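Q: According to my numbering, the sequence shown is numbered sequentially starting from 20.
Please find one structure pasted underneath; my questions will follow.
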Amino acid sequence: MKRGGAQTFAKRLIEWQARSGRHALPWQATRDPYRIWLSEVMLQQTQVATVIPYYQRFLERFPGVEALARASLDEVLALWSGLGYYSRGRNLHRAARQVVERCKGRFPRTRAGLEALPGVGRSTAAAIAVFSAGARETILDGNVKRVLARHFAVEGYPGSGYVQKELWSLAESVLPSKSIEAYTQALMDLGAGVCTRARPACMSCPVRSSCAARRLNRIAELPAPRPRKALPRRETVMLILTRGCQVLLEQRSPAGLWGGLWSLPQFDSVEEALQACSARFGCDVASHRQLKPLAHAFSHYALTILPLHCEARLRSSRAAQPGAVWLARGPALAAPLPAPVRRLLQKLGSGSHFP
């Protein structure tokens, strides 16, 4: 892109941000790298309105990186519960401990240093460096990809390697030499509120006069969507094993789906679940019933949960399986749970008891 065009693009965005951009977000009034890092990690694949209450609760509980590093993973995931993409919560905890143990509690100030933290990629590291240290760095999150793909009529799906390479090159070519924070915020604001995926507000766009997608009448086509694949479907039986006012929960392994969260035991069949009541959990089943299936969608497959409620008579005072605990309704719902497990327990119980 020609230098003059790049300067005009950046200048118009900076001016627009000053008069029309967002200025009252809770993390905009600080240069504290901890707070900015926390907000940027939460904002990965999550809308601002959803993030704000989680951000505020995290700061109340963990006002600094040392407090977060001292916390248990269970505490962190309990606060994160409902925000989704739980690997972010696990990486947040790991990164806090890394900053405390290896950096003496001081966050790296450069993009390269920030990228070394768990869960911080190139664009997130750049945003943290921009807003905490005024670094001249380029961001390229999902909203920015859409802005650039439309403005410069970039063909292809933005998630593919060759298209991402082109978009990074474009993003660097239009990066201004000053007012980096205002420019970066402008890109974020434009993608979030104007150049939206559906029904973009083109007449409110400060760079509409130079937008190739608008000129070519291709706004609805760009950026190209992800190539369609049939979403795989899976089923799982979730065992809701109750004993009076208590329910049995298991902690999942740290890696993989819902890693580190507390969940209901999962099985391939009702028969397997019933056998596990005795073999794994030391219980006799007094009664059991199958509940209404629950659908839950992930980005890579659709899950149908088949809940099996069993009322147990415990043969011993403790669950036989390590990593399994009996919890009353209140503590169970306060634990870090996957969203569908929380919904199942909320539907099953009333008041302070499970039926």
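The beta carbon of each residue, even a glycine, is placed where N, CA and C say it ideally should be.
This one's a predicted model, so the numbers in the text were calculated from it and none came from an experiment.
Which value, in whole angstroms, describes the spacing of the CA atoms of S229 and P246?
A: Roughly 28 Å separates the two Cα atoms.
Q: Would you kindly report the start and end of the unbroken beta strand (DSSP E) that includes R107?
A: Where R107 is concerned, there is no enclosing beta strand (DSSP E), although the alpha helix (DSSP H) it sits in stretches over S106 to C122.
Q: With DSSP as the reference, label H319 as helix, strand or coil.
A: If DSSP states are grouped into helix, strand and coil, H319 belongs with coil.
Q: Go through its chain and collect everything with a Cβ distance to R233's Cβ below 7 Å, but skip five positions before and after it.
A: Excluding residues within five positions, the ones whose Cβ falls inside 7 Å are C221 and R227.
Q: Can you tell me which of the three DSSP states H170 falls into?
A: The answer is helix: DSSP assigns H170 an H, G or I state.
Q: Rounded to a whole number of angstroms, what is the C-alpha to C-alpha distance between A37 and R31?
A: Taking the straight line joining both Cα atoms gives about 10 Å.
Q: Given 7 Å as the limit, tell me if G132 has its C-beta closer than that to any heavy atom belonging to the ligand MN.
A: Only the bare structure without any ligand can be found here, which leaves the ligand MN out of the picture.
Q: According to the Cβ coordinates, are P82 and R169 closer than 8 Å?
A: Going by C-beta atoms, P82 is not nearer than 8 Å to R169.
Q: Do you know whose CA, among Y181, S288, L276 and R262, lies nearest V256's CA?
A: The candidate whose alpha carbon is nearest that of V256 is S288.
Q: On the three-state DSSP scale, how would you describe E200?
A: Of the three classes helix, strand and coil, the one that applies to E200 here is helix, per DSSP.
Q: Looking at the structure shown, is E240 part of a helix, part of a strand, or coil, going by DSSP?
A: DSSP places E240 in coil when its eight states are reduced to three.
Q: I'd like to confirm the pairing. Which residues does DSSP put opposite H307 in its beta bridges?
A: Bridge partners of H307: C329.
Q: So, using beta-carbon positions, are A274 and F286 closer together than 8 Å?
A: Contact flag unset, no.
Q: Does G83 get closer than 8 Å to chain B when you measure Cβ to Cβ?
A: The structure shown contains no chain B; it is built from a single protein chain.
Q: With 16 as the cutoff for other CB atoms within 10 Å, does F317 come out buried or exposed?
A: Exposed: under 16 other Cβ atoms inside 10 Å.
Q: Specify the secondary structure class of E269 as computed by DSSP and reduced to three states.
A: Of the three classes helix, strand and coil, the one that applies to E269 here is strand, per DSSP.
Q: CA-CA distance, A298 and A146?
A: Those two C-alpha atoms are separated by around 51 Å.
Q: For G212 and E34, I'd like the C-alpha separation in whole angstroms.
A: Each residue's Cα considered, the two are about 16 Å apart.
Q: Here's the rule I'm using: 16 or more other beta-carbon atoms within 10 Å means buried, otherwise exposed. How should G279 be labelled?
A: G279 should be labelled buried.
Q: Here's the rule: buried if 16 or more other CB atoms are within 10 angstroms of the residue's CB, otherwise exposed. What is L364?
A: So L364 counts as buried.
Q: Report yes or no: do three or more beta-carbon pairs, one from the segment 202–209 and one from the segment 158–165, lie closer than 8 Å?
A: Touching, yes.
Q: What are the complete alpha helix (DSSP H) segments, minimum 4 residues, inside the segment 69–104?
A: Whole alpha helix (DSSP H) segments, 4+ residues: 84–89 and 92–99.
Q: Quick one, are the C-beta atoms of R107 and G138 less than 8 Å apart?
A: The answer is yes: Cβ separation under 8 Å.
Q: Going by CA-CA distance only, name the one from Q75, R125 and Y73 that's closest to V84.
A: Of the candidates Q75, R125 and Y73, the one whose C-alpha sits nearest the C-alpha of V84 is R125.
Q: Does DSSP put A217 in a helix, a strand or coil?
A: A217 falls in the coil class under three-state DSSP.
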